[in-house]
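**Q** Chains as they are written, first to last, in our numbering: chain A, 133 to 793; chain B, 133 to 793.
Glycine residues also receive a C-beta, built at the ideal position from the N, C-alpha and C atoms.
Encoded as structure tokens, here's the structure I'll be asking about.
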């Protein structure tokens with residue numbers, strides 16, 4: 133309630149903003165950021181508005197003019213040209229020149245222009261000429277002002293000069309902002325590199341990649357990495373590669389007693405050999421890690437490390453920093469429990485520790501160690517069981533040094549918790565995708581993710597399986613189920629991943645009926661995978677990844693549209709970017725052939741309702757001619773449960789040949 | 133990104149909040165304010181939360197506990213017991229006792245409770261006993277802690293004691309909030325008196341209330357005020373009663389030349405006799421005003437004055453404060469224009485004046501003058517043509533002194549502008565109601581007002597007519613149209629008003645076809661009204677106002693629900709409060725009889741689908757027995773175009789008689 137201000141413009145509802153501006157919205161380098169706001173003033177005067185923006189560290193604001201859209205809503209755009217943090221806000225002011233110009237045009241039409249009208253305009257233009265004095269337009273403005281006041285010249289000529297578009301353009305560049313309103317607060321945009329939005333992850337347990345009967349090593353992975361690269365993945369995600377605890381080590385299938393040769397669970401981190409910055413001796417050395425990293429880079433793969441902030445009872449921190457753990461009255465450290473269940477092989481860290489400074493710095497140190505080893509992608513295990521403020525701080529600090537870091541949040545928990553982690557800084561997030569099977573579920577969930585508030589800050593990463601999640605759909609659906617889930621993950625989401633080779637070899641036996649755990653899971657034992665099995669899904673995975681790389685529409689989430697069909701087992705959707713349009717139809721029933729009719733939104737697809745268009749199935753390289761919204765589709769899950777079409781619009785050449793784009 | 137905090141609880145999306153907390157939400161004294169927020173912490177610990185609130189001026193916070201609703205959403209309620217400004221926020225913390233208690237219960241069920249479990253609980257309870265030391269519950273807590281640690285007692289007995297509900301209740305009252313999170317920002321609630329939500333306004337031009345051929349006076353109004361009171365209105369709204377300018381005075385029907393006896397437009401304020409704090413000599417003196425005010429009070433009417441911040445060229449400010457007006461280059465004052473139209477009888481005030489302090493203080497002085505004369509309600513003319521920051525300041529300052537003031541915003545302009553004025557402090561607002569005629573329009577608009585964001589800050593005041601608005605519906609629809617619009621205004625909105633006697637005498641001739649101006653409008657000339665005309669709508673207006681007073685459901689807007697019908701000319705809706713349920717069916721076609729079937733939402737009406745219920749038409753005192761959602765309705769606009777039903781649920785008495793509530 134400021135007293136006696138003459139700042140008359142009001143600015144409301146600036147977008148994008150997340151949680152009233154508490155958190156940055158997220159974009160990718162090169163993106164055009166569209167800023168909107170309600171901008172208006174009292175009365176009937178014209179208003180004008182700019183978006184003001186700057187990169188972190190800049191002192192001056194850059195500006196772009198906003199244009200009215202409808203109903204007092206204004207819009208302006210700027211491009212984020214660098215990775216890192218941007219700030220923006222909106223400035224608005226009463227535009228006396230525009231008001232005057234509009235009035236003058238009406239008076240001219242009614243033939244009631246008076247000398248004093250021109251005198252007022254001359255004054256406004258003269259003032260602008262003064263503000264423009266170091267600019268080439270100063271002369272135009274001065275000359276126009278002089279002409280307006282020159283009573284020897286006919287009034288019609290002076291009115292036309294006053295209304296000239298180039299004068300309006302020059303006036304817009306040198307407005308009187310002395311009474312402008314600058315919106316407070318300022319909002320932020322976090323800009324990531326392209327891989328934050330478009331990535332294909334492959335998760336593997338290195339210990340299973342040795343020769344049969346051996347404990348695999350990082351070198352074994354390096355030797356066989358072309359297998360992963362050839363499938364077209366770009367992120368190689370390794371579960372924890374650190375020493376594994378001995379105390380209370382789990383045996384095969386999560387049994388409480390481990391045999392002497394049982395390798396233990398990689399997430400029970402820490403032993404006499406070290407903790408989160410050490411490498412498990414059976415996997416190799418830091419040198420082996422570096423070689424793997426370099427080999428991955430040669431193959432176009434980035435390594436993502438798993439960061440699981442928890443300790444086996446043998447972790448060095450347990451003795452060096454007992455204050456980082458909660459204790460029971462008898463002085464023992466509190467293991468993880470979910471009463472009456474106990475997890476005695478793992479000690480959680482206590483974020484209510486008496487030494488939060490020390491703990492937070494140590495955890496940051498873990499990231500910094502691996503960043504120094506060239507790692508830029510981290511998959512964070514159960515971030516929702518660590519204090520939220522820690523994540524905001526540590527990701528903020530790390531990205532300030534290395535803005536191209538990527539953090540994947542592995543939080544399978546309640547929706548608001550998952551969204552909070554994304555707001556705090558996680559680049560990508562695991563989702564509920566694994567359990568969304570029906571058309572209705574998928575439409576609802578994807579609409580929430582791509583059209584709802586989360587679209588500004590939550591980047592989904594879809595996983596049909598993980599070492600913890602073998603869904604009932606995959607358990608019961610056989611090959612068709614795997615292909616269906618692969619196509620859905622890779623085309624609905626621009627970030628996706630699989631846990632292999634379990635996925636491509638269609639591993640589908642649960643530990644027991646009703647369980648989502650794998651039987652003989654790699655989490656507890658070494659497996660040997662027959663990578664060249666003839667029924668492997670590797671070829672179709674490779675094709676899917678090729679299609680994703682060739683089609684920009686699949687590299688983003690912003691224009692996903694669902695199209696109705698008359699068979700609820702047939703899910704139909706399109707994605708678009710620029711000229712690229714992908715249309716997908718998936719048979720969600722992994723057992724039976726289904727057929728039905730689409731009801732396409734032709735305008736969304738950009739095709740002419742009166743002409744045929746071509747749909748080119750990129751999976752099997754077959755083409756169909758369709759027309760109008762209603763087209764027949766039939767999909768046999770035992771052959772191929774999905775069409776992934778490129779929509780090719782017909783173009784007539786000068787030589788009068790038609791062809792399809 | 134605070135470093136090393138141990139405050140683990142997150143609070144998001146606190147409601148009610150208006151524009152991210154920039155403005156207060158509005159409530160009525162005695163209202164229960166329901167506060168909701170997302171409250172959660174990392175991990176699996178239980179959390180607890182309080183609403184903290186205080187009246188302006190209090191230093192301590194009061195607290196009410198919140199309860200979980202669903203999906204991390206929490207809810208708490210408090211009652212606003214005074215008119216004025218309240219602040220509130222949410223505080224949340226990890227509830228270690230609740231976490232421990234839940235775990236203990238599970239361990240008890242699994243029969244795995246250990247001594248150390250009880251030891252942990254004893255410690256938590258002991259700490260709470262310390263915090264409770266001045267409270268009667270301290271003893272219970274100390275005793276429980278001691279019992280838990282007493283190994284001589286059987287463990288089962290100690291576990292049961294630890295789980296006792298009264299212990300949980302006492303622990304909830306003395307929680308450990310040392311690591312709590314207090315949500316920032318703090319939000320505000322503006323609390324008004326009841327009339328802000330429930331009022332019936334009657335607008336009249338005093339100069340038309342004298343004997344025929346005479347200039348009416350305030351005393352004439354006082355003499356005839358029982359006419360207004362008997363119709364059941366509670367606000368008497370007078371257009372400006374100040375001296376009227378002579379310069380460029382308008383004649384009848386807005387003609388540019390006024391004759392010597394033409395009374396002029398009351399909104400052309402100011403003459404040699406004074407400005408906004410003077411009374412037009414032809415209306416009487418300040419003494420006459422005081423008598424009218426007192427007479428109104430006797431009759432249960434409050435006077436609302438019109439505040440129109442603009443000046444006739446003869447207003448004292450024009451010479452005393454020329455700097456408060458915009459000037460043209462020739463030194464003359466800029467009259468209002470909408471090129472090519474000119475309004476030379478009115479000078480707008482210039483809020484970009486070089487003396488904003490002086491102008492703002494003078495305008496505040498106008499309000500203060502009339503407040504000192506006992507006026508508490510102001511209808512503000514065209515507030516959207518005065519600077520927004522002025523309204524926030526002046527209303528804030530005035531209400532700080534007199535919190536029971538009511539300001540009605542007369543802004544017929546773009547929606548965001550109207551909403552902004554309400555946010556800035558206007559108590560009630562004119563609306564688009566006058567032009568919302570069809571069922572679809574009314575449903576859309578009322579849903580926006582009562583269910584959308586505006587419900588928190590915008591209180592509609594529905595006017596079927598005003599001196600500026602004679603709608604085409606009223607022009608063409610004859611008596612049925614007037615009754616329809618009356619019923620809609622008075623039952624859809626808890627605040628409504630009419631411009632009389634033009635309304636009850638069904639004045640319906642426009643100045644010319646296509647105009648919404650009245651022919652021979654009182655704005656420009658004195659009229660004489662035949663108040664006792666036999667066809668007057670006064671009796672039905674009186675009945676409507678009686679019904680509104682008897683039925684709390686009609687005194688608020690929060691539970692308006694539309695029910696479908698199979699005839700789009702029949703609009704059906706209900707309102708509810710406590711036990712009171714009103715169901716309205718209106719025939720929107722003023723010309724033809726319509727009939728159709730309702731599709732009532734019986735759950736909303738609180739009636740049993742399997743039994744008959746009574747609908748009692750309060751307008752004509754007829755009762756019908758209905759059952760189920762589908763009931764037949766027929767309405768003849770020439771008889772009565774609406775049913776206003778009290779829904780009477782059947783009750784069986786102990787003596788086995790049925791009756792209807």
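What separation, rounded to the nearest whole angstrom, lies between the Cα atoms of residue 438/A and residue 353/A?
**A** Roughly 16 Å between the two C-alpha positions.
**Q** Taking 8 Å as the threshold (beta carbon to beta carbon), is residue 552/A in contact with chain B?
**A** Yes, because at least one Cβ of chain B sits closer than 8 Å to the Cβ of residue 552/A.
**Q** For a contact defined as C-beta to C-beta under 7 Å, what are the partners of residue 248/B on chain A?
**A** Those within 7 Å of residue 248/B in chain A are 460, 461, 462.
**Q** Hey, out of 468/B, 433/B, 491/B, 461/B, whose CA is closest to residue 452/B's CA?
**A** The shortest Cα separation from residue 452/B among 468/B, 433/B, 491/B, 461/B belongs to 491/B.
**Q** By the DSSP assignment, the alpha helix (DSSP H) with residue 326/A in it spans what residues?
**A** Careful: residue 326/A lies outside any alpha helix (DSSP H) and carries neither H nor E.
**Q** Considering only C-alpha positions, which residue in the set 334/B, 527/B, 690/B, 418/B is nearest to residue 433/B?
**A** Residue 334/B is the option with its Cα nearest to residue 433/B.
**Q** Below 6 Å CB to CB, which residues in the same chain sit around residue 138/A once its five sequence neighbours on both sides are set aside?
**A** If we look at residue 138/A and ignore the five residues flanking it on each side, its Cβ neighbours are 311.
**Q** Give the single residue among 290/A, 766/A, 778/A, 670/A whose Cα lies nearest to the Cα of residue 709/A.
**A** Of the candidates 290/A, 766/A, 778/A, 670/A, the one whose C-alpha sits nearest the C-alpha of residue 709/A is 778/A.
**Q** Considering only their Cβ atoms, is the gap separating residue 757/A from residue 766/A smaller than 8 Å?
**A** No, the Cβ-Cβ distance between residue 766/A and residue 757/A is not below 8 Å.
**Q** Classify residue 794/A: buried if its beta carbon has 16 or more other beta carbons within 10 angstroms, exposed otherwise.
**A** This structure leaves residue 794/A out entirely; chain A is present only between 133 and 793.
**Q** Cβ closer than 9 Å: which chain B residues qualify as neighbours of residue 380/A?
**A** Ordered by position in chain B, no residue passes the 9 Å Cβ test against residue 380/A, which lies about 17 Å from the chain.
**Q** Taking Cβ-Cβ distances shorter than 8 Å, what residues in chain B pair up with residue 456/A?
**A** Neighbours of residue 456/A on chain B: none; closest Cβ ~12 Å, over 8 Å.
**Q** Going by alpha carbons, who is nearest to residue 701/B out of 724/B, 533/B, 688/B?
**A** Closest option to residue 701/B, Cα to Cα, is 724/B.
**Q** Just the C-alpha distance for residue 601/A and residue 663/A, rounded to the nearest angstrom, thanks.
**A** When rounded, the distance between both Cα atoms is 21 Å.
**Q** Quick one: is residue 109/A near chain B, going by C-beta distance under 8 Å?
**A** In this structure chain A extends from 133 to 793, so residue 109/A is not present and cannot be described.
**Q** For residue 717/B and residue 704/B, what's the separation of their Cα atoms in angstroms?
**A** So the two alpha carbons sit approximately 4 Å from each other.
**Q** Would you mind sorting residue 382/A into buried or exposed? The rule is 16 or more other CB atoms within 10 Å of its CB.
**A** Per the 10 Å Cβ criterion, buried.
**Q** Answer yes or no: does any C-beta atom of chain A fall closer than 8 Å to that of residue 525/B?
**A** So, interface residue.
**Q** Determine which residues share a DSSP beta bridge with residue 470/B and list them.
**A** Residue 470/B pairs with 473/B.
**Q** Based on the DSSP output, what are the partners of residue 172/B in its beta bridges?
**A** Residue 172/B is bridged to 142/B.
**Q** Interface residues of chain A around residue 600/B at Cβ under 9 Å?
**A** The premise fails here: residue 600/B is roughly 17 Å from chain A at the closest Cβ pair, so nothing lies under 9 Å.
**Q** Could you tell me the alpha carbon to alpha carbon distance between residue 773/B and residue 623/B, rounded to whole angstroms?
**A** Cα to Cα, the separation comes out at about 14 Å.
**Q** Taking all protein chains shown into account, do 16 or more other C-beta atoms lie within 10 angstroms of the C-beta of residue 764/A, making it buried, or fewer, making it exposed?
**A** Classification of residue 764/A: exposed, given that the 10 Å Cβ count is below 16.
**Q** Going by DSSP, what residue range makes up the beta strand (DSSP E) through residue 719/B?
**A** Residues 712 to 719.
**Q** Output the distance between the C-alpha atoms of residue 396/B and residue 341/B, rounded to the nearest integer angstrom.
**A** So the alpha carbons of these two residues sit roughly 16 Å apart.
**Q** Anyone know if the C-beta pair for residue 738/A and residue 713/A falls short of 8 Å?
**A** Result yes, Cβ atoms of residue 738/A and residue 713/A sit closer than 8 Å.
**Q** For the region 488 to 516 of chain B, which residues have a CB atom closer than 7 Å to at least one CB atom of chain A, in sequence order?
**A** Listed in sequence order: 488, 489, 492, 516.
**Q** Indicate whether the contact test is met: 3 or more Cβ pairs, each with one atom in the region 526 to 541 of chain A and one in the region 499 to 511 of chain A, closer than 8 Å.
**A** Yes: the two stretches touch, three or more of their Cβ pairs being nearer than 8 Å.
**Q** Can residue 543/B and residue 516/B be called in contact, C-beta distance under 8 Å?
**A** Yes, the pair counts as a contact, with Cβ atoms nearer than the cut-off.
**Q** Would residue 423/B pass as an interface residue toward chain A - the criterion being a Cβ-Cβ separation below 8 Å?
**A** No, because no Cβ of chain A sits closer than 8 Å to the Cβ of residue 423/B.
**Q** Do residue 533/A and residue 328/A have their C-beta atoms closer together than 8 Å?
**A** Result no, Cβ atoms of residue 533/A and residue 328/A do not sit closer than 8 Å.
**Q** In three-state terms, what does DSSP make of residue 449/A?
**A** Residue 449/A: helix per DSSP, three-state reduction.
**Q** Taking just the CA atoms, how far does residue 362/A sit from residue 336/A?
**A** Spanning the two alpha carbons is a distance of roughly 15 Å.
**Q** Whether or not the region 231 to 249 of chain B and the region 182 to 192 of chain B are in contact is what I'm after, with contact meaning three or more pairs of Cβ atoms, one per stretch, closer than 8 Å; do they touch?
**A** With the cut-off at 8 Å, the region 182 to 192 of chain B and the region 231 to 249 of chain B do not touch.
**Q** Quick one: give me the first and last residue of the alpha helix (DSSP H) that residue 676/B is part of.
**A** Start and end: 670 to 682.
**Q** By the criterion of Cβ-Cβ separation under 7 Å, what are the contact partners of residue 549/B in chain A?
**A** Neighbours of residue 549/B on chain A, chain order: 172.
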